[in-house]
Each structure stands twice: as C-alpha cells, then as structure tokens.
Amino acid sequence: MAPPISALILCMDVGFNMSNSGPGEESPFDQAKRVIQKFVQRQVFAETKDELALVLFGTDSTKNPLDNDDQYQNITVHRNLMVPDFKLLEEIENQIHPESQQADWLDALVVCMNIFETETGGKKLDRRNIVLLTDLNSPVSSDNLDVIIENLKQADITLQFFLPFPAEEGDGEAPGDQDRRGPGHPGTGKGLSEEQKEGLDMVKHIMLTLDEEEGLEQIYTFSAIEQLCMFKRIERRPMAWPCQLTIGSALSIRIVGYKAVTEEKLKKSWKTVDAQTNQKDDVKRETVYCLDDDNETEVQKEDIIQGFRYGSDIVPFSKVDQEQMKYTHDGKCFAVLGFTKQSSVQRHRFMGTQVIKIFPGKDDEHAAVALSALIQALHELQMVAIVRYAYDRRSNPQVGAAFPCIKQDHECLMYVQLPFMEDLRHFTFPSLENNSKFTPSDEQLSAVDSLIDSMMLVEEDEDGKQKDIFKVHDIPNPAFQRLFQCLHHRAVNPGTPLPAMESWLKATLECPEVIRERCQSALGEIKNKFTLTQVEKKKKLKTSAQIFGKDSDEPEAKKAKEDEADEEFNLADIAEGSVTSVGSVDPARDFRTLIRQKTLTFEEGESHQLTHRIEQLLGNKSTDYYMKSITCVEAFREQSVKVNKHSWFLRGSC
Amino acid sequence: MADWTSYYRNEDEEEEQEDGEQSAGEERLTGRDSLVFLVDASKEMFIKGEDGAPSNFDMTMQVVRTVYTSKIISSHRDLIALVFYGTEHSKNPNDTFKHVYVYHDLDEPGAKRVQDVDALRGEKGAKLAAETLGCGPSSLGDALWCCANLYSDIKLRLSHKRLMIFTCREQPHGGDNVKDRQARTKASDLKETGVVIDLIHLMKPGGFDVSLFFRDIVSPPEDESELGLQLEPCEKLDDLQKRVRAKEQKKRATARINLCLGDGLNVAVGLYATAVTARKPPPVKLYRESNEAVRSKTRTFHTQTGSLLLPSEIKKAQTYGKKQIEMEKDEVDFIKKFDDPGLVLMGFKPMEKLKLHHHIKPSVFLYPEEGEIKGSACLFSALLKKCSEKNVYALCRCIARRNNPPRFVALVPQNEEVDDAKVQINPPGFNVIYLPYADDVRTLDLPRCTSASQEQVDKMKDIVTKLRFKYKSDAFENPVIQKHYRNLEALALDMMAPEEVEDLIMPKVEQIDRRLGSLVDEFKNLVYPANYNPESKPAAKRKTADSGGGAEKKPKVEVSMDQIKVHVQNGTLGKLTVPVLKEACKQFGVRTTGTKKQELIDALMDQLSS
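Which chain is which? The protein sequence lines are A and B, in order.
According to my numbering, the residues represented by the first sequence are 1 to 654, in order.
According to my numbering, the residues represented by the second sequence are 655 to 1264, in order.
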C-alpha cells in the first residue's frame, strides 16, 4: 500500500493591487512570490510525493473549470495537482508576473476547493491544505461565506493565509508578529484600506470558525523567517511506536511513542561522478585487501575472515559465531527499573540523539487514565522513571529517563537516553577558584554583570509577559536553506558560479541589532577591565600531512602508511622536544640532542654541563654510573670531532 | 540494483571516515598515551585490614585490573606497564636493577595481561606474589630509573606519560639519606622528560605524612592549590578506583576555539567530550591462512579506461527528479562553510528557558585555554560565576570545526563540586547543550487525553515511592558491549564459556513485584475496568502466529448473549473490545466482512435492534 500523500494548493493573488508598495519597499507581490518559491524549492529538494497545485487570481486571462459567463473570472489554474519539480520552479521564476486585473479571493478559494473535489477522487489523501497569499485589497462578496466554510469543514480542508501585515495588532505572542528584524511591516497598522479591514475580518471569521483555538495562528505574514512555521504544519507526522510501559510483571499500560525532537538530516548525499561526462557509471570505487608485507601481497575477498581487537590481541571471530554468541533480548520494551529524583538526572548527561514523547495507546481511555496517573504522580513528587528502552529486537537496549510533561492541552512522558558507564569520561580540571591568577576582582565581576544585563534576550514587557526575541527553535536550519539555494541556482543557471548567501539567512544567524547596540558600553568596560593577550606560539611540529596538504580523497591505506612514517620520522624530534639541559638519565643522548638543536653553543653550554654531569656520575661509586660516564665521554668526543673543537674535548676531559 | 546499494554504502562510509578523521588526526599529532603503575610490594602492603578487609596490595591489583579492562574497551592503543619495587626477586632488562620487578613492560593491554593481574588478587594472589616477587629492600631511585628506561625503550611517539606510585610507606628507605636523594634526582629527571608522577598513597596506621618524603617526588598539581597533597590516603576500594580513574584518563580537547563576546573580544576555550557513546569496535579483517590483519586499499578509477582518477577528475552530484546537479568538491565545501570555527555570543537567557526536550546530541564541556590567549581563564571564571549567580545561560552560535554549518548552543554554567574525599565530581566550566532548529522539532498530532483523578494519582504516588532508588550516571553497564568483550575474552583465553554478564538494565521484576505487593491490584482496580487487558493488541490488524508473548496471554473472551443484548439496548456496545464483538457476531450469526470496531458494532446493531 502506498503511503498516504497530502495535497496542497498555493493560491496567489497577482492582481494590480499586489504591486503597490511604498518607496524603497518590496511589493507584496515580490514577497509573496518569494514565499512560494521557497516553499516549492523545499518540496522539490525534500523529494516528497506530496502533490501541489498553483492557482493565480487577478490574472488578465481566465482559465479554470468553473469559468462561466461573468463568474469566476480572472482566475487561472496554472498547474493542477502533481508532484512539484524543477519545471515548476522555473515557471515560477520566469512566468509569474504582476498582472492588471483583480479577482475575488473567495472565488479563488472556491476554485481551489473544486480542484480537490475533482482531482483527488481516486487517490487517498492524508491531508488537504490551501494556502492563500493576498493583500486582501480586492473587493470581495461575502454572500456565500457560510456555505464555503461549511464545505471546507466537510472536506476537512485546512487553510492558511499569508498577508503582508499581521492579523493582530500589538499581540507579541501571536506567531503572526515576529518582525524582530525590521522596524515594521510595509503597510502595517493604520495604513489598512477599507477593503483590507473588511477582508481581514472575513479571514478571521473563517479561521475561527474552522478552528476556534488555533485558527488565528494560521495567519502569517510574508516575512521570510516565518515560512517554516507553515512547512511544519503540513509536514507528515512521525511514525507511531506502540508499546507497553511495564512496572514489574503485573502492571502494564498501553503507550505509543513518537520521535519529538531529533536532528533532521538531509536525505540525499553526494555521489561521485566523472568530471568530463558527469556520469556516475564512469567512476568506480574498489577496495582491495593486502597483507602487511613488503610486497603488499593481495588477498582475495573469500580468504578474509573477521576478527576483533581485545587490547593488543586480535581474536578471530566469525560472523556466525558472533551472531550466535551476541547479546540478545526480548525485543520492544519500555520497562521501569525504578524511580528517582529529577535532580539526580543531570541535563548535561543526556545521551542519544532524540527525545521521544510517550502518549497513551490510541483510543484507549483506560490507558490514558493510567498514564495520566503516572505522569501526575511523577510531576507532584518531582521524580522521573528510569526505564529500559528497546526499539525492537534488532536494536540495542538503552537506559533512559522518562520525565513527566504537563502542558495545558496534553500530558505525556518524555524519554531521553542516559549514559552507560562505558560512555563516561571522568576528566578532572584545575579549579578556577583556588587560583589567585584567575580569580576576577570585584570590578571585573561587575563589568561582566552589566554585560549579562545588557544582553538579556528575554524581557518582560509592560504586561509582565515574557518575550523571547531569539527563539532558536523557530529558525530553519541554515545549512538546508543554503544548500537548496545553491542546488536551485546550479539547476536553473548551469555554468555560473554559486551565489552568495542570502542576506536574510545571514541575518537570522546574527546577534539581534537591539542587543548589539545595547551591549556596546558594557563590552567596552570589559575590554578595559580585562587584559587578553594572544600567546605567540612557537612553530608547532608539523606532520607531513599538514605540510603536503591533507587530501581526503586519498585512500585510507595510504594515509595509514603515512602515519607510520610519521611516527618514526618524528621520533627524534619528539625526543628533542623537551630536552633543555643535560640530565642524568641519558646524559649522552641529551648532549647530542642539544648540540643538534644548537640551543646553546658548544663551548659555553653543553660541554660544561656534560663535564659536570660526568663528574657527578663518577662521584657515585657504582659500575652503572661508571658505564654511563664512559658513554658520555664517547659522546663528547664524537661531537667535538664534528664541530672541530678537539681542544674543548681535551680541556674538558682533563 | 546491487551496484546501486553498494554505491550508497560507499557514500556512507565516506562520511563516517570524515567523522573519524578528527580523532585519527589528533592521534597523529599527539601520539599514544602511556601509564606506568609502580607498586610497592613490601610486607606492609600485604597486611590485611581489620575484619578481613582486603590488603592494600589486593586493592591495588583490583584497581589495576579495572584500568586494564576499561582501557581495552575505551582506548586500547594506550600503553600500560606494571612494575613492583621492594621485591626480593628482580626482573628487568639486563637485570640492571635489584629489587625491581617489571611485571608488564609498556605495551597495549591484552587478555593475557588481565589474567596475569587476576592471578595476583586475593588469597592466592598474595601467595603467588610471595613466590614470584618476594619482599626485599627497596630503592625507589632504582625503580624510577627502571621506569625511565621503559619509557625510553618505546619506539612509538608518546603524548602523555603518567606514572602512579602505589604505596602505604611514607618513607620507603627508612630514612637513608643517600637513597632518598637518589630517588629525588631520578624523579626530577623523569619529570623533566614530561612524565607526570602521581602518588596514590594508601592507608597506614597513624596516617600518611606526604611531606616527609613524597612531596619532592610527585609532580606539582596543575593549579596553585595544594589539593593534591591534602588528599587523605585511600582506605576504601571505591575511593581508590575513583582517584585512579580521575587521573588515568587524559583529557584532550576535541577543538580549541575562541569564544567571541563581540567586537573582537575573544576568550580561548577548549571543547571536551565528556560522554561519548561507546560502541562495539568495528571488526578487523584477517587473512584466513595466517590470521594476520590485512590492510584495505580503496581506489577510484574510470570504468572504461581503467585509469585511476585524480581528485580533479571527479565531481560530486545529486539527482532530483530527473535532473542531476553537479558541483566541484570545493563547491560542496563552500556551501557548508558559513564562517570560521568559533563560538559567538548572541546573548543570555534565564535558565528556565532551556527546555528539557531540546536535546539533539550529547553535550560537551567548555574550559578556558590559558595557553592560547592569556587572560582567558580570568574572564571565563568571571563569566561562569556571574551566569551561575544570575541563573542564566549564554546563547551562542557554534561552529566547532572547519566547514561545519552553524548550530546554536546553550552554555550552562557548572560550578566545581568535590566529594568528601576531595575528589572532583564536577569540574568548573560550561556545559555546551546543542539546541534544535525548527526542522529538528517535529509536529505531533496530540491525542485527546483523559486526566486521572486525584485518588488514582495518589495510588500511583505510592507505587512510585515504593520503587525509589538513587540514580548514578555510571551505575549501568552496557550489556551489549560487555557481552561482546566477555565473548572475546573467552576466545582469547581459550576459556570454555564466556563469563556471564549481568544485564543491569533489566528490570528486577520479582523484586519490584514483591515491593509493590497489593498496590498494583489496587491501582488497576482504580483505573482499569474488569475485563480490560492492556496487553492485548489494540486492533489486531494482522493475525500473527501465536508466537508473541502478548498473544498467548490473551484470555478467551466470552460474553453471554444476554449481556450483548443489554449493551445493544443501552447503545453501549462501544465499551466492548473488538475480540468480544467478533465473538458476539459469531454467536448471533451476524456475517460481517468488516474488522473495524465501528463496522462490527453497526452489524450487530442492525441485526439485534430490528
């Protein structure tokens, strides 16, 4: 069975009203076009099977199935429901222009609904969604509004509006008002026309009727940062993981888990192609095995068995044996080991790459009550459950903590993996407090204090409401945005260099302007109070890899070989590294090293040191020491010959 | 198709290699770590404690073994040696030194060595030690000299050299000034060649006075504090383990970068990975005939001409739809590059703004690098102190390595914490918590939830309280890895069967049941109706063969016809489960094709209400 797909219709106003803008401002048309472009771009690169249609209204011509005398005029179905592709991207770039008519956006909405009705008959659709982009500046007839809303409800179509201005004034918490970048949206506030006010009321009416609680959150502005909120609403939901939470053998609760937070990776990776033909079939990678002897005798793949390291030993261990002897378990499991204080599970000890939210089993009221009892009990006692978690029989079991999470509209457990003993590294660091050199003075502390105050990203407004001006979890991953931008560019404009990063993207990664201005004086104070000096580094030892430039395309074996060479090659250097005077362990070698390093001149330095050392050695009445002194004398002689300072040797040995 | 999959695997490998490169590269720069255990083998070490407590020697061997086995798992390339002094017999290269016994010279630890150390433990061990080692006069100077030779005989590059002296005698030479002086000279020679000397002094009646002799032997502590010398001698095995472990692991920064507070104001910091998921190591490929390791060589060549391809002769590509988009390799890197590596301060937020569920990977630890920018430690320390006082965290943009895209991180202050024995539990510095982007937070359809009543909650509270325990992050061993190494151990040492591994993350069901007693039934009566079975599959979509544990436990469902009729009249069929409804359909001879609950209910209603 094919997975269910979702379908979405982008419905964009291209009427003349959309081209109006104040001097120096981007027109609503350009903004809306960018929203559409970004959206389609993402869909194309995500390679979703979800279908997408594009309807334009306010066009000079009319092309839609409902076209009838004077009804549904100036509305064009540019593209029917299908999987978005590069062609659509190119069309959006080159074929969509502001046009000179106006059309009723409610009519356009009806055209979109009609598409869903007629075109999706055979396919199983997971969700249907219409996105309307308009400035609401065209006349609209509200005669059939209630019928339209009823139909939307019946067909289970969700609706989103994109407007050039926020739907609600002065409400900092609404997602439609996150304009932390600019001084304000073009056309905001009092500047609304009668039509726009009227239109806005209708939009609000529709949205609230469709969804009383969150309806208004589905009205967005054109500004770039928010586009992602819209993607998020329509993206497919994560897979359910049904299981049973068990406490001992007698108590179990049906649960279902969902991956709630995890680092999203790109599904595609780069493959290698021939530079001339651009064919991947022309390039082949092959791995051969060889013995570690002088001839590098090649070994056939069939003659290779596997083994494992046990310290210095390598133990041959066939795949079959390994499979038989390995750790096995009963599979899927979410079993409580015990309960502990929340404070004993430290945040920085969280392991793994995900957070799983645990809800009661689907449509199971009794499970819901039982789980709710556990969640509330944990919450009231400030405890967590320590659990054994295994995804399925094939995966390794984990130990983790299930935290209670109680929100206004839902309760759940949140599962995070915790470390095994083998994962932890106990590093000890020197104390910062017991060291007088590092202890900051009161003046210094107060400078840092005011820096923190000036750089607070969360502030309370007049109503005592907290406002966070830098929400990381609202920022789309810039790496994706950047990659899509470059891929898009290369696909549409082959042969031209890659573009620079888009400025809005760069801006999302910077410290907010307000903060930067506010912290200037505090920052200056810190500069005055603290002295920071870059330590001049002696030239670090360079390995050949650094000198010749590391090439990651180089075969691993070659690298390994270089490695070994390195190790021997540098052996001498390393020994020299720490020799500053002639010690007593191996005075002869120290002496030779020092001469080679030329840290001291032969005459005044080493020879004195060495003769001194020899005298010392002779003072100890033991054969070992006598032997050592003799090697010293030998070294002295040999080096003297090298530097033609026989006289020094003679003088020294007297 | 086969070609395609193998191709993709290759791509993955490539990426893994890139990941691994950092650590490999670091090793290349720094060489191997080494550790020498220099253990006093005098009579005093073998004296048993009161109530049969293990002798100091026994404890030491226990610790040495733990280090051996943990090194095998975590860093098998480190070199370890075990040397005894104050022995009667001598064993060292050329037998130059009397009363020094090199039990293991510097090498990677292996199965054999673990066995050797095992042999020295316990009652039997003491006996064996008496036979092979014996007790004699001691000269720490000779012992140190011998250790110095161990170091200098190694042909590999050593990055970190540590020597730990285990003794319970504060004056090994009994006041012999010549020997004392000799030992001091040797110690300073060793320290000069970069060896860090630690004293792990063990309990002795009347206390251990470090200042009498050992103060001049050991390396000074890293900071100004006299912490190292104020330590009480170790009495318990646990303390000893902790102390050795704290010293034995060499901390190594995964990256050294600047923390920019703004306007070119930089603090040098190092990133340290304090928790890394330990995995089973990858297998080594061996030649069947000789069991020797083989090397692999990977070549990229042209399919048609067969000639090897230079990096300049290949490009990278991705295909979308039917369109293939090509880029040069540098361009691929160029796309990933946003900025040079570093941390850039965005601002501060109150701690409560850090959401528990904003977790995407294990955190790392931040500590100043005074060696890069002088003054870093002072500013860092001020920042740490103030953040902690004001209960805020610093929000930063972080690029840890070259050509890595940026991530946002929370720097959470952590104050230094030491335990009763003055061993550091938490070092001072910031924990770096990686924060998710919008893409990383998934949208969930929230199910409708029914809340529990206070009575139900209170019953669950009783259950929770009954099962309280004290969680410690190092309490659980990974059963998968432990089992793997036990298997290897068994094979390496020709044991009949591998040692059993206790699965510590298996719930102790019997114990839990016993502790809870009747509470479970009381709770179940409060939340579950009589015929409810949480273990039955909710909607048996597919009939699996009766192999699963859950299926077997499913009770035979039977509800009388009368009961069904009552339900039909009251319209409460929905309360019954699907199996019951199916059974009812059979009983009433209702033919349905549907399997969904509603379909079954409708069919029953049609039949019985008419």
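Backbone N, C-alpha and C fix where the C-beta goes; we use that ideal spot for every residue, glycine too.
Because the structure is a prediction, the values reported are computed rather than measured.
In whole angstroms, give me the CA-to-CA distance for residue i and residue j.
i       : j       : result
B/N1187 : A/I255  : 13 Å
B/T741  : B/D712  : 16 Å
B/E1164 : B/K1044 : 47 Å
B/K890  : B/P708  : 9 Å
B/H718  : B/H1138 : One detail in the question is off: residue 718 of chain B reads as Val in this sequence, not His. Rounded to whole angstroms, B/V718 to B/H1138 spans 21 Å at the Cα level.
B/T1097 : A/Y391  : 21 Å
B/I1159 : B/Q1108 : 32 Å
B/P1060 : B/C1052 : 6 Å
A/I9    : A/I219  : 16 Å
B/H855  : B/M699  : 11 Å
A/N68   : A/T62   : 10 Å
B/R1265 : A/T287  : Residue numbering for chain B in the displayed model covers 655 to 1264; residue 1265 of chain B lies beyond these limits and cannot be assessed.
A/A46   : A/R128  : 19 Å
A/I247  : A/S344  : 21 Å
B/F868  : B/F751  : 21 Å
A/I92   : B/N1057 : 32 Å
A/F429  : B/K840  : 28 Å
A/G15   : A/A260  : 41 Å
B/A1034 : B/Y1047 : One point to set straight first is that residue 1034 of chain B is Phe, not Ala, in the sequence displayed. Near 13 Å, if we compare the C-alpha coordinates of B/Y1047 and B/F1034.
B/D852  : B/K815  : 11 Å
A/W241  : A/A385  : 19 Å
B/Q676  : A/C112  : With a pLDDT of 37 at B/Q676, under the threshold of 50, the modelled position of this residue cannot be trusted; read the value that follows with caution. Approximately 53 Å between the Cα atoms of the pair.
A/D453  : A/S446  : 10 Å
A/G352  : B/V930  : 9 Å
B/F1131 : B/I989  : First, the residue type needs correcting, since residue 1131 of chain B is Glu and not Phe in the sequence shown. Looking at the two C-alpha atoms, the distance is approximately 41 Å.
A/S269  : A/P397  : 29 Å
On the DSSP bridge assignment, give the partners of residue i in chain order.
i      : result
B/K815 : B/S688, B/V849
A/M414 : A/K357, A/F403
A/W241 : A/G257
A/Y327 : DSSP output for A/Y327 lists no bridge partner at all.
A/I305 : B/L940
If you compare alpha carbons, which of the options is closest to residue i?
i       : options                          : result
A/N151  : A/E99, A/L136, A/T209            : A/T209
B/K1009 : B/A1064, B/D994, B/Y974, B/S1035 : B/A1064
A/H348  : B/T1104, B/L1089, B/K752         : B/L1089
B/N710  : B/G779, B/H743, B/D770           : B/G779
B/F1084 : B/V1095, B/V1077, B/P1067        : B/P1067
A/V299  : B/V1232, B/T959, B/E943, B/E980  : B/E943
B/A1092 : A/A479, A/N278, A/F16            : A/A479
B/C1103 : A/I630, A/L133, A/G361           : A/G361
B/L1100 : A/D474, A/A522, A/I358, A/E510   : A/I358
B/A783  : B/H743, B/P1016, B/D1157, B/K815 : B/H743
A/I206  : A/D50, A/D282, A/L106            : A/L106
A/T272  : B/V850, B/V986, B/G860, B/E704   : B/V986
A/Q520  : A/S19, A/I130, A/V448            : A/V448
Hey, does residue i have any beta-carbon neighbour from chain E nearer than 8 Å?
i       : result
B/S1035 : Absent here is chain E; the protein component of the structure consists of chains A and B.
Stretch pair the segment 995-1014 of chain B + the segment 392-402 of chain A: three plus CB contacts closer than 8 Å: no
Touching by the beta-carbon criterion (3+ pairs, under 8 Å), the segment 689-702 of chain B and the segment 816-835 of chain B: yes
Length-filtered (3 minimum) beta strand (DSSP E) runs lying within the segment 1030-1090 of chain B: Qualifying beta strand (DSSP E) stretches, in chain order: 1046-1053, 1061-1068, 1078-1080, 1083-1088.
The segment 153-161 of chain A / the segment 29-39 of chain A touching (three or more Cβ pairs under 8 Å): no
Whole alpha helix (DSSP H) elements within the segment 1120-1151 of chain B, 4-residue minimum: 1133-1146
Contact between the segment 966-976 of chain B and the segment 329-337 of chain A (3+ Cβ pairs under 8 Å): no
Cβ contact (3+ pairs, closer than 8 Å) linking the segment 415-425 of chain A and the segment 365-383 of chain A: no
Segments assigned beta strand (DSSP E), at least 3 residues, entirely inside the segment 413-494 of chain A: You should have 458-460, 466-468.
Stretch-stretch touch, CB-based, cutoff 8 Å, three pairs: the segment 756-768 of chain B with the segment 297-317 of chain A: yes
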